[in-house]
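A.B. asks: Heads up: the sequence shown is residues 188 to 324, going by our numbering. By construction, the Cβ of each residue, glycine as well, lies at the ideal position given by its N, Cα and C atoms.
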Amino acid sequence: MSQFAGEPGNQDFVEVRLPAAGAYLSVLRTATAGLAARLDFTLDEIEDLRIAVDEACAILLQQAVAGSVLSCVFRLVDDSLEVTVSAPTTDGRAPERDTFAWTVLSALAGQVDSTVAEDNTVSISLYKKRGAGPGPA
Numbered sequence: 188m189s190q191f192a193g194e195p196g197n198q199d200f201v202e203v204r205l206p207a208a209g210a211y212l213s214v215l216r217t218a219t220a221g222l223a224a225r226l227d228f229t230l231d232e233i234e235d236l237r238i239a240v241d242e243a244c245a246i247l248l249q250q251a252v253a254g255s256v257l258s259c260v261f262r263l264v265d266d267s268l269e270v271t272v273s274a275p276t277t278d279g280r281a282p283e284r285d286t287f288a289w290t291v292l293s294a295l296a297g298q299v300d301s302t303v304a305e306d307n308t309v310s311i312s313l314y315k316k317r318g319a320g321p322g323p324a
């Protein structure tokens, strides 16, 4: 685990990089559950985050460049967990927000954003505050 400059333990982060293939998503689901448990999220919140990370990765894998790397950064900030998954994509399109998958992400994680970098890397960020329950945090 690494830290940003500033107060110790205030903005810890963990980064996991693995092949952009569905077979490796169980690693991210497990990491999500472990880090959320470390922050004392409830069992329901842990399960919601685990499913949301899986769904965000599934969205990215649909357009990821074959043989590329999927990156997942977990940021622990106070009583919140931010999870950002990123992958280089073939067309650099942001996920559509009017889809069922995006609705599921928003319901499970609270707040969801996406960005596209100049190199066509698409990122999806999930934000969940401990004790916020389902829906926007």
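As a quick exercise: from Lys-316, Ser-258, Leu-215, Arg-262, pick the residue whose alpha carbon is nearest that of Phe-200.
C.D. replies: In the sequence shown, counting from the first residue as 1, residue 200 sits at position 13. With distances taken between Cα atoms, Phe-200 lies closest to Arg-262.
A.B. asks: For the segment 277-313, list the alpha helix (DSSP H) runs that are entirely contained and at least 4 residues long, ordered along the chain.
C.D. replies: Whole alpha helix (DSSP H) segments, 4+ residues: 287-296.
A.B. asks: Does the distance from the CB of Ala-349 to the CB of Leu-292 come in under 8 Å?
C.D. replies: Beyond the ends of the chain as shown, which are 188 and 324, falls residue 349; an answer cannot be given.
A.B. asks: Would you kindly work out how many angstroms separate the C-alpha atoms of Tyr-314 and Thr-308, rounded to a whole number?
C.D. replies: Here the question's residue 314 lines up with position 127 in the sequence shown. Here the question's residue 308 lines up with position 121 in the sequence shown. Those two C-alpha atoms are separated by around 20 Å.
A.B. asks: For a minimum of 3 consecutive residues, which ranges assigned as the beta strand (DSSP E) are wholly contained in the segment 206-256?
C.D. replies: Segments of the beta strand (DSSP E) lying fully in the segment 206-256: there are none.
A.B. asks: In three-state terms, what does DSSP make of Arg-204?
C.D. replies: As a position in the sequence shown, residue 204 is number 17, starting the count at 1. Note: Arg-204 maps to strand in three-state DSSP.
A.B. asks: Within a Cβ cutoff of 6 Å, which residues of the same chain sit near Thr-271, ignoring the five residues on either side of it in sequence?
C.D. replies: If you number the sequence shown from 1, residue 271 lands on position 84. Around Thr-271: Val-260, Ser-310, Ser-312.
A.B. asks: Taking C-beta to C-beta, are Arg-237 and Ala-220 nearer than 8 Å?
C.D. replies: Here residue 237 refers to the residue found at position 50 when the sequence shown is read from its first residue. Here residue 220 refers to the residue found at position 33 when the sequence shown is read from its first residue. Taking 8 Å as the Cβ cut-off, Arg-237 and Ala-220 qualify as a contacting pair.
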